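This report refers to the structure that appears directly beneath it.
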Amino acid sequence: MPDEAGFREEDFRDFVETRSSALLRTAYLLAGDWATAEDLLQIALTKTYLAWKRLGHIEAVEPYARRVLVNTSTSWWRRRWHGERPTEVLPESAAADRVEESLERDALWRHVRELPNRQRAVLVLRFYEDQSEAETARLLGVSVGTVKSQASRALATLRSRLSAEGIEPAARPARPPTVRLRPATPAKTPAQAKPAQAVEVEPDEQPARDDERGLPEREAVLVETSGSVEVGLVT
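If you want it as structure tokens, here you go:
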């Protein structure tokens, strides 16, 4: 029977093989470019490996890895914001991945990238990753009220910016199209990966106000149909 370390190593390798593609997709949506996404993934996998025994059961592993991705990307965006300001025009990549090119051309995605990091993380988790409000709140370490308010502010910003570009919402909301992302680059094991950097965990910006706690449940829809982009709330 394999020893405990052997079991942990084998289980970790299985986890990397089966879930690294999904985690890389989340990392890309949070970071906006593949190089940074792969760095975020390596940090998340390294920290997950180190915490494996403490996590206790396999069901806790992926949520932990996603939480590390979110926290690390938040720290990355904060450092990037202090070091360089985003421009209105995104640079073109000579050898961009087909999916990345598609997202770069998408007016909605372009504006999502320019949102404040907390609002961006909320939209990515809620509407690109299909996480519930409760799960999004848990991953970000904030209240459900904060998730609702951040999503509401982000959607209002998107509506305003898209309207300024002359992009009108579709008449009726439809289900967003499925986007295929490129397969994940085989992830390195902790022995091969770069040492993990310290991850700064951003505390909740502010407690949810009473009016935020009382917000009704509504579904936000981000849809592109016939060249137009829909950003809507469905009761």
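In full-length UniProt numbering, the protein residues as written are 1 to 235. All C-beta atoms in this analysis are idealised placements derived from N, C-alpha and C, irrespective of residue type, glycine included. Predicted model only: the values in this text are computed from it and were never measured.
### Query
Between which two residues does the alpha helix (DSSP H) carrying E135 extend?
For E135, the enclosing alpha helix (DSSP H) starts and ends at 133-140.
### Query
When you compare only the Cα positions, how much space is there between A107 and L125?
C-alpha of A107 to C-alpha of L125: approximately 19 Å in a straight line.
### Query
Any idea if R25 is buried or exposed, counting beta-carbon neighbours within 10 angstroms, 16 or more meaning buried?
Buried, since its Cβ has 16 or more Cβ neighbours within 10 Å.
### Query
Starting from D39 and walking both ways along the alpha helix (DSSP H), at which residues does that stretch end?
Here the alpha helix (DSSP H) through D39 covers 34-55.
### Task
Report buried or exposed for W109, applying the criterion of at least 16 other Cβ atoms within 10 angstroms of its Cβ.
It counts as buried.
#### Entry: Buried/exposed call for A137, threshold 16 Cβ in 10 Å
The residue in question, A137, is buried, as its Cβ has 16 or more Cβ neighbours within 10 Å.
### T48 and V70 closer than 8 Å at C-beta
Going by C-beta atoms, T48 is not nearer than 8 Å to V70.
### Message
What would DSSP say about D14, mapped onto helix, strand or coil?
### Response
In the three-state scheme derived from DSSP, where H, G and I count as helix and E and B as strand, D14 is classed as helix.
### Query
Which value, in whole angstroms, describes the spacing of the CA atoms of A164 and A51?
C-alpha separation (whole angstroms): 47 Å.
### Query
By Cβ distance below 6 Å, which residues in the same chain neighbour L115 in space, the five residues on each side in sequence not counted?
Taken in chain order, the residues that qualify are A154.
### Query
Do you know how far the Cα of S75 is from the Cα of N117?
Between N117 and S75, the C-alpha separation is close to 9 Å.
### Task
Compute the Euclidean distance between the alpha carbons of E17 and A65, then round it to the nearest angstrom.
Computed Cα separation, rounded: 14 Å.
### Task
Measure how close the beta-carbons of S73 and L41 come, nearest whole angstrom, since I'm counting them as under 8 Å.
Not really, about 11 Å apart at Cβ, beyond 8 Å.
#### Entry: For V61 and F127, believed in contact at Cβ under 8 Å, the rounded distance
Contact check for F127 and V61: beta-carbon distance about 24 Å, past the 8 Å limit, so the pair fails to qualify.
### Message
If you follow the alpha helix (DSSP H) that R107 is in, where does it begin and where does it stop?
### Response
The sequence given here places Ala at residue 107; Arg does not occur at that position. Start and end: 107-113.
### Query
Around the Cβ of K148, are there at least 16 other Cβ atoms within 10 angstroms (buried) or fewer (exposed)?
It counts as buried.
### Query
CA-CA distance, residue 273 and L158?
For residue 273 there is no data in the structure shown, the boundaries of the chain being 1 and 235.
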